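K.L.:
Numbering (the working numbering), first residue to last: 3 to 168.
Have a look at this one.
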């Protein structure tokens, strides 16, 4: 299991779908070699330098946190069942209500689709709030997500950065 890096009243909690096997093994978020999260965060302006996955806890220094929608580690997120999302929603809601982030950035559409029941989601800002937080849906930075180049990821993430940096 991968431990959340979280605190109260953060600007953003980035929510991955679930841990990859390497991240769960290492105990560090987004530690897979092909995962582009840390590079994207840096290039989009969230951090002044690229954080190494082994120093993932330093993300708190910038007012950001990390969690996952489902705790179970898998090779691919599409290995999760609908029941696993359904069984995770209440614990996730409790966590968000307790920590009260300003924004929740779901990395990929799968978790928010399952949690909101909304099957027609666009990338970016969502109209409805979730547990009092504004919601953004960003493309999943996994190296398995070949539908988005690094440049595409940076563009989407930078849109959120511009909003939170005002």
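Don't be surprised by glycine CBs; every beta carbon is placed ideally from N, CA and C.
Keep in mind the model is a prediction, meaning the values are calculated, not measured.
Please state whether the Cβ-Cβ distance between residue 19 and residue 110 is less than 8 Å.
P.N.:
Residue numbering aside, residue 19 sits at position 17 when the chain shown is read from its first letter. Residue numbering aside, residue 110 sits at position 108 when the chain shown is read from its first letter. Closer than 8 Å, so yes.
K.L.:
State the Cα-Cα distance for the pair residue 104 and residue 80, rounded to the nearest angstrom.
P.N.:
For this step, residue 104 is matched to residue 102 along the chain shown. For this step, residue 80 is matched to residue 78 along the chain shown. Cα to Cα, residue 104 sits roughly 28 Å from residue 80.
K.L.:
Should the segment 32-48 be called in touch with the segment 84-93, which here means at least 3 C-beta pairs below 8 Å?
P.N.:
The segment 32-48 vs the segment 84-93: no contact.
K.L.:
Would you report the Cα separation of residue 64 and residue 25, rounded to the nearest angstrom?
P.N.:
As a first step, residue 64 is located in the chain shown; it is residue number 62 there, counting from the start. As a first step, residue 25 is located in the chain shown; it is residue number 23 there, counting from the start. C-alpha separation (whole angstroms): 21 Å.
K.L.:
Skipping 5 residues on each side, what residues in its chain have a beta carbon closer than 7 Å to that of residue 155?
P.N.:
In the chain shown, residue 155 corresponds to position 153, counting from 1. Once the five neighbours on either side are set aside, the close Cβ partners of residue 155 are 38, 42, 141 and 143.
K.L.:
Looking at the structure shown, is residue 125 part of a helix, part of a strand, or coil, going by DSSP?
P.N.:
For the purposes of this step, residue 125 is taken as residue 123 along the chain shown, with counting starting at 1. DSSP places residue 125 in coil when its eight states are reduced to three.
K.L.:
CB residue 150 to CB residue 98, shorter than 8 Å?
P.N.:
Locating residue 150 in the chain shown gives position 148, where the first residue counts as 1. Locating residue 98 in the chain shown gives position 96, where the first residue counts as 1. Cβ distance not < 8 Å, so residue 150 and residue 98 don't count as in contact.
K.L.:
Within 10 Å of its beta-carbon, does residue 170 have 16 or more other beta-carbons around it, so buried, or fewer, so exposed?
P.N.:
Here the chain comprises residues numbered 3 to 168, so residue 170 is not present and cannot be evaluated.
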